[in-house]
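Quick note: the sequence shown uses my numbering, first residue 79, plus one each step. Note that the Cβ used here is the ideal one computed from N, Cα and C, for glycine as well. Predicted model, so just to flag it, every value in this text is computed and none were measured.
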Amino acid sequence: MKGKIEWIKVSAVVHSTESREKVSHAIATLFPFEFEIQVSKASGHYGNPLEFLEVELKNSSEIKSFWENLVKLLSADRDILLNTLEERLDAQNVLHIRLDKQKAYLGQIELSNVDPIAVKVKLVVYPAKREKALEFARELCSIS
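Right, here's the structure in full:
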């Protein structure tokens, strides 16, 4: 591998019509180990209450374990993921993967842009060029 993952952040919004426990359960389907969810509260555009749930991983063994598990869970969508890496990688070399929150609650992990669980993966490559980051992202997504 020609780089490393510096951190991974997994987050989701809990809308006023949703249960925090159910959204937490949906997030938990991504993790092969115990983790702690940080909760913050906010208001939506119309004053509706929202909660933001976030898990941040910085420990290299947790990052490795989480990533390998995520790639395995996304095996059915791997071709889509590989074919959309350019759109998913931002200017800071953060890879954005959005997963269907409702299906995750049911134990089915699929890519989705609608009301997702957001997974952000900070890629570090040398030199820090987009092409190198894309190459590293392809390697990471090809792990079986």
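Does the Cβ of residue i have 16 or more other Cβ atoms within 10 Å, making it buried, or fewer, making it exposed?
i	result
residue 111	exposed
residue 179	buried
residue 194	buried
residue 183	buried
residue 160	exposed
residue 117	exposed
Return the residue from the list the options that minimises the CA-CA distance to residue i.
i	options	result
residue 105	203, 217, 134, 162	134
residue 124	211, 189, 136, 94	94
residue 146	213, 108, 210	108
residue 218	185, 190, 102, 152	152
Quick check on DSSP: helix, strand or coil for residue i?
i	result
residue 198	strand
residue 108	coil
residue 80	coil
residue 102	helix
Just list the alpha helix (DSSP H) runs in the segment 132–216, keeping only unbroken ones of 4 residues or longer that don't cross its boundaries, in chain order.
138–151, 156–161, 163–166, 179–183
Touch check for the segment 169–176 and the segment 186–205: three-plus C-beta pairs under 8 angstroms?
yes
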